[in-house]
Amino acid sequence: MTFEALSEEAARRAAAPYAAPREDLPAALAGLDYDGYRAITFRAAESLRLGPLFSAQLFHRGFLQRKRVDLSFQPLDGPARPIPYESRLFDLGRQLAGQSFSPDLGFAGFRLHHAFPDTPAWRPKGFQEEFLVFLGASYFRLRAANQEYGLSARGLAIGTGASEGEEFPDFVAHWLCEPEPGAHSLTVLSLLDSPSVAGAYRFVISPGDPARIDVTAALHPRVPLAKLGLAPLTSMFLHGENGPGARGAKPFDDFRPQVHDSDGLCVAAGTDRLWRPLVNGRRQPQISAFASKPLAGFGLLQRERNFAAYLDVEARQEARPGLWVNPDPAGGAFAAGAVQLYEIPAVEEYMDNIVAAFAPDAPAQPGTALHLAYGLTTVGAEPVPAIPETALARVTSTRFGSAERLRPLTPPRPERRLCVIDFAGPGLPAGPDESVTAEVSASAGTMHEPVSNFVPQTGGWRIYAEWRPPQPMPAGDVVLRARLVRGGVPLSETWDAAV
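Residues in the sequence shown are numbered consecutively from 0, following numbering that gives the first Met the number 0.
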């Protein structure tokens, strides 16, 4: 199997009526609860070896993972070989003890393991660590060495936020390709299918710190697609440093100061870079669009890397990765459109309520393949080379409070709000500098007395500005913007907050 042959197969599928993946399951698997499914584990001794540095383990079907996914091994030479299901590959757990299932059952997905060079000495010889999971629809999760799983990527988003509902394409088959001897990257070919589109994907996967996936895809629509989301990212934001963030939202009764897998969207276009802090607590889902021509990249990031901000020993959200999407400038799929952010109200942290994707201006049409090429790179502490315009300082925190600090009223008047934005970055002066000023604006209401200060306690800079909301307040969000400048030249990315 090659990417070219897979693209031809996707085109043939797109020309034929859609056939949904099999979901039929034996009653024992269909009736599993969460704990019963979690108890099914792949036997490590049965791992599929992919050269000396990689291996794969497989996921059983059952519970919510009902759809069958075909898995094959593609050797360096010769035809691909289907990977057959056998019950003996798994410890089925207490609920299924003693049972076995038909070889026709198949799998739900797979995960990849890698022999990292800095594996601790106490690990057994030959130990390989999990770093990538493909499981459910077109979702996959990637982490760098020493990170925890957090947000997910997807192959494709269709109709996110649409009133008629979202369509979730499936990866219906994967080919795990044997790497060249000594190679530090691995290729996976994947076939995507849905009622609206079929597609071929090639993932060239390079683990490490950072970890990276180079994605190439050919999409073949069955119908016109006006609401496409390319390179979609899905994450969770429950509450952050300023509570849920939405106007009038109720605070969370939680011992943890913050709960999120990502705390903001970053968009780089041309020579500018924008930071949008995430918000929860609205009454209805919110869609925001960020014009991006030319688009240099975008990502959902976890900028707060301090354990004290979360206090969650088990979740370790300070170690969750961000993901940065870097479009191939030679391709045209990302040339015209906007990065869209979907924020869905949520009260439970297991719900992924944040989606970011690139929405092209032109609809995809049947009979014309849409070709994609982009990179996905994990992000931890910044700055990182993957994110362009590294000379621009980044936003590190966003806080709001009453502007009546000297003579506070109880309750505080909503007519005066203080915005406090912290910045950090190597391009900022390392001490007080009167030439550094704050540039601020508001889409409604007025901004007053912006001040920029060096913060010796952190070595960064801070903007204080008072926002006076309009009366009456508009029904939708008001967007506030701020950045540090010197002589008209930006020193920081643009803080772009919805209030």
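Backbone N, C-alpha and C fix where the C-beta goes; we use that ideal spot for every residue, glycine too.
Since residue i contacts residue j with CB under 8 Å, what's their CB separation in whole angstroms?
| i | j | result |
| --- | --- | --- |
| Leu185 | Phe72 | At roughly 12 Å, the Cβ-Cβ gap does not stay under 8 Å, so Leu185 and Phe72 are not in contact. |
| Leu417 | Glu465 | 6 Å |
| Gln316 | Asp260 | 7 Å |
| Phe106 | Val68 | 6 Å |
| Ala55 | Phe109 | 5 Å |
| Ser151 | Phe170 | Not really, about 13 Å apart at Cβ, beyond 8 Å. |
| Ala437 | Pro425 | Contact doesn't hold; Cβ gap of about 20 Å is too wide. |
| Gln94 | Ala156 | Not a contact, Cβ separation roughly 35 Å. |
| Pro320 | Gln146 | 5 Å |
| Leu375 | Leu141 | 7 Å |
| Ser434 | Leu483 | Actually they are not in contact, since the Cβ atoms of Ser434 and Leu483 sit about 11 Å apart, beyond 8 Å. |
| Ala332 | Lys292 | The pair is not a contact, with the Cβ atoms about 13 Å apart (cut-off 8 Å). |
| Ala443 | Pro471 | Not quite, the Cβ-Cβ distance comes to about 10 Å (not below 8 Å), so this is no contact. |
| Pro220 | Pro365 | 5 Å |
| Ile386 | Ala267 | 7 Å |
Return the residue from the list the options that minimises the CA-CA distance to residue i.
| i | options | result |
| --- | --- | --- |
| Phe89 | Tyr200, Ser137, Arg42 | Arg42 |
| Cys176 | Gly269, Val378, Leu70 | Leu70 |
| Val378 | Gly263, His447, Tyr309, Ala332 | Gly263 |
| Pro102 | Pro25, Leu47, Ala314, Leu31 | Pro25 |
| Pro276 | Ala355, Pro250, Glu414, Arg467 | Ala355 |
| Arg501 | Gly269, Met446, Asp192, Arg153 | Nothing can be reported for residue 501, as the shown portion of the chain is limited to 0 through 498. |
| Glu8 | Ala38, Ser99, Ala199 | Ala199 |
| Arg48 | Arg11, Met0, Ala114 | Ala114 |
| Pro83 | Pro431, Lys66, Gln98, Leu57 | Leu57 |
| Gly164 | Pro431, Lys226, Thr397 | Lys226 |
| Leu111 | Val132, Ala96, Ala120 | Val132 |
| Ala358 | Pro116, Leu95, Gly160 | Gly160 |
| Pro250 | Pro293, Ala345, Ala332, Arg319 | Ala345 |
| Ala13 | Cys265, Ala197, Ser491, Arg304 | Ala197 |
| Val216 | Tyr309, Asp192, Val266, Pro489 | Per the sequence shown, residue 216 should be read as Ala rather than Val. The shortest Cα separation from Ala216 among Tyr309, Asp192, Val266, Pro489 belongs to Asp192. |
| Leu490 | Gln456, Asp252, Tyr349, Thr389 | Thr389 |
| His369 | Pro473, Ser162, Ala27, Leu224 | A small correction: the amino acid at residue 369 is Leu; His does not occupy that position in the sequence shown. Comparing Cα positions, the closest option is Leu224. |
| Ala318 | Arg302, Pro468, Gly458 | Arg302 |
| Ser46 | Glu128, Gly92, Arg122 | Glu128 |
| Ala423 | Thr395, Gly239, Asp360, Pro431 | Thr395 |
| Asp117 | Ala172, Asp421, Ala144, Pro431 | Ala144 |
Following the continuous alpha helix (DSSP H) through residue i, name the residue where it begins and the one where it ends.
| i | result |
| --- | --- |
| Arg11 | 2-13 |
| Gly242 | Here Gly242 belongs to no alpha helix (DSSP H); instead the beta strand (DSSP E) covers 240-243. |
| Arg398 | Run containing Arg398: none in the alpha helix (DSSP H); it sits in the beta strand (DSSP E), 393-401. |
| Leu28 | 26-29 |
Could you check where the beta strand (DSSP E) with residue i kicks off and where it finishes?
| i | result |
| --- | --- |
| Arg37 | Unbroken run through Arg37 is the alpha helix (DSSP H), 33-37; no beta strand (DSSP E). |
| Asn145 | It is not in any beta strand (DSSP E) - Asn145 carries neither H nor E in the DSSP assignment. |
| Pro471 | No beta strand (DSSP E) contains Pro471, which DSSP labels as neither H nor E. |
| Ala182 | Unbroken run through Ala182: none, as it is neither H nor E. |
| Thr445 | 445-454 |
| Ala217 | 211-220 |
| Glu438 | 435-441 |
| Gly198 | 196-205 |
| Ser234 | 227-234 |
| Val478 | 478-485 |
| Ser71 | 69-73 |
| Thr493 | 493-497 |
| Arg416 | 416-423 |
| Ser54 | 53-58 |
| Pro16 | It is not in any beta strand (DSSP E) - Pro16 carries neither H nor E in the DSSP assignment. |
| Arg93 | Per DSSP, Arg93 belongs to no beta strand (DSSP E) and is neither H nor E. |
| Leu322 | 321-326 |
| Arg87 | Here Arg87 belongs to no beta strand (DSSP E), and DSSP marks it neither H nor E. |
| Arg246 | No beta strand (DSSP E) holds Arg246; DSSP gives it neither H nor E. |
| Leu47 | 47-49 |
Are at least three pairs of beta-carbons, each pair with one atom in the segment 288-299 and one in the segment 249-258, less than 8 Å apart? no
Threshold first: 3 residues or longer. Then list the beta strand (DSSP E) segments lying entirely within the segment 254-319, N to C. 263-268, 271-276, 285-290, 294-300
Review point. Given 8 Å as the limit, is there contact between the segment 231-240 and the segment 199-212, that is, 3 or more CB pairs closer than that?
Key: no
- prompt: Can you list the beta strand (DSSP E) stretches of 3 or more residues lying completely in the segment 331-381, in chain order?
  reply: 336-342, 353-359, 369-378
**Request:** State whether the segment 307-321 contacts the segment 280-292, with contact taken as three or more CB pairs (one from each stretch) at a distance under 8 Å.
**Result:** no
*asked:* With a threshold of 8 Å, are at least 3 pairs of Cβ atoms found where one atom belongs to the segment 25-35 and the other to the segment 57-66?
replied: yes
- Any contact of the segment 75-84 with the segment 12-27, i.e. 3+ C-beta pairs under 8 Å? no
Within the chosen definition, does the segment 285-292 reach the segment 338-352 through at least 3 CB pairs nearer than 8 Å?
yes
Practice task
Would you mind listing the beta strand (DSSP E) stretches within the segment 110-178 that are 3+ residues and don't spill past its ends, in chain order?
Solution key: 128-134, 138-141, 151-153, 169-176
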